[in-house]
Amino acid sequence: MADLDALKETKEYYLDIPQKSDAFYLKGLNALDWGMQNRLARIFNPKTGRTVMLAFDHGYFQGATTGLERIDVKIMPLAPYADTLMLTRGILRSIVPPSFTQSIVMRASGGTSMLKELSNEEIAVDIEDSIRMNVSAMAVQVFIGGEHEKQSIINMTKLVDQGTRYGIPTLAVTAVGKDMVRDARYFRLATRICAELGAHYIKTYYVEKDFETVTASCPVPIVIAGGKKIAELDALKMAYNAVQQGAAGVDMGRNIFQSEAPVAMIKAVRSVVHENETAENAFELYRSLKEQG
Ligand code: 5RP
């Protein structure tokens, strides 16, 4: 036991050093509670303020789509290179080992298949289960202009309310219906509605024209989905343009896991997102990593 008599008075209060009170590094999220910000810091790298999310939640309405037939074989080898995994609770529990310590963004809406009207979704996970699985954010699809627009917006606001109770952020995913024009005007509308109604960050699609007006008019961070598989160089150009025009990263699926060399591709995407590497340099990296096997 410590000898109390021998204690010396050595306290130092550093009176000349004011306590630091830094603003949180993600835009529009300064007023959140500690738990929310800590979870967001597990998704967005604090050094770069950006994220590479690996999306493989497509099965929740598409089933075993190309590249996702065996998530244990094809996707888990990519996981160490992602900042966060975006998936469903079914895949989390059945495939991802609990010893995996990177952050998880869990798909929390569902209820329709690709054979039916997709916007007819509901919240499909209890908040208690999200807490149980220690997720860093919950994702919900929002169908602005879609048949069940209101229902999907209310799904989002309910999830924001539930998550706020426990410090879990909500990612709003802007889903574009088959008949809708994918342009900056539409995405400004969709992303802003999600942010105004409380989403903590928003996934949207990149558009060639005026994308910077989408990121500028959205008060919280935006990440872009990759969309359909395109040539690797084109996907890297899209990621480069998006982050240079204000996106806080990517939530990319098919353009990584359907690539001929998925590990090389995710490393190349990382270099664009976290190191501001040009698409051409990142593509060279992709090619050399692919050659090395
Ligand atoms: C499915 C999703 C996907 O996570 C999202 O579309 C990203 O994947 P991809 O890059 O393949 O488009 O939200 O609804």
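If you're matching positions, the sequence shown starts at 508 in the numbering used here and goes up one per residue.
The beta-carbon is built from N, C-alpha and C at its ideal position, and this holds for glycine as well.
About 6 Å separates the CB atoms of Arg-596 and Val-632; that is less than 8 Å, so the two are in contact. For Lys-665 against Ile-630, the beta-carbon gap comes to about 6 Å, under 8 Å, which counts as contact. Of the residues assessed, Asp-686 falls on the exposed side of the cut-off, its CB having fewer than 16 other CB atoms within 10 angstroms. Counting other Cβ atoms within 10 Å of its Cβ, Tyr-693 reaches 16 or more and is therefore classed as buried.
Bounds of the alpha helix (DSSP H) holding Met-663 are 656-673. Within 6 Å of the C-beta of Gly-653 there is not a single heavy atom belonging to ligand 1. When C-alpha distances from Ile-660 are compared across Gln-669, Ala-679, Ala-789, Ser-643, the shortest belongs to Ala-679. For Gly-542, the enclosing alpha helix (DSSP H) stretches over residues 541-550. Within the model, the alpha-carbon separation for Leu-539 versus Pro-584 is close to 34 Å.
Residues Phe-563, Asp-564 of the same chain have their beta carbon placed closer than 6 Å to that of Leu-594, with the five preceding and five following residues left out of the count. When only Cα atoms are considered, Pro-769 and Asp-529 end up about 38 Å apart. Fewer than three Cβ pairs drawn from the segment 608-626 and the segment 725-736 lie within less than 8 Å of each other, which leaves the two stretches out of contact. Per DSSP, the unbroken beta strand (DSSP E) holding Asp-758 starts and ends at 756-759. Glu-635 and Glu-516 have their C-alpha atoms some 48 Å from each other.
Positions of the beta strand (DSSP E) runs, each at least 3 residues long and wholly inside the segment 575-617, are given as 591-594, 610-614 in order along the chain. Between Arg-761 and Lys-797, the CB-CB gap reaches or exceeds 7 Å. Counting along the chain, Val-714 sits inside no beta strand (DSSP E), nor does DSSP assign it H or E at all. Remark: the shortest separation between the CB of Arg-761 and any heavy atom of ligand 1 falls under 6 Å.
Under the three-state reduction of DSSP output, Gln-648 falls in the strand class. A distance criterion of 6 Å places the beta-carbon of Ala-732 in contact range of ligand 1, judged by its closest non-hydrogen atom.
If you look at Thr-558, you'll find it in the beta strand (DSSP E) that goes 558-562. Collapsing the DSSP output to three states places Ala-738 in coil.
Residue pairing by DSSP places Thr-677 opposite Met-645 in a beta bridge. Its Cα nearest to that of His-655, the residue Lys-623 stands out among Lys-623, Ser-643, Arg-639.
Contact between Val-780 and Ala-742 does not hold, since their C-beta atoms are separated by about 12 Å, which reaches or exceeds 8 Å. Set against 6 Å, the gap from the CB of Asp-564 to the closest heavy atom of ligand 1 is smaller. Residue nearest to Val-776 within the set Phe-531, Lys-534, Met-560, Lys-554 is Met-560 (criterion: CA-CA distance). A direct Cα-to-Cα measurement between Pro-525 and Tyr-793 gives close to 47 Å. Ligand 1 has no heavy atom closer than 6 Å to the beta-carbon of Val-780. Scanning its chain for C-beta atoms nearer than 6 Å, with the 5 sequence neighbours on each side dropped, one finds around Val-667 the residues Thr-677, Gly-705, in chain order.
Using a Cβ distance threshold of 7 Å, Ser-778 and Met-772 do not count as a contacting pair.
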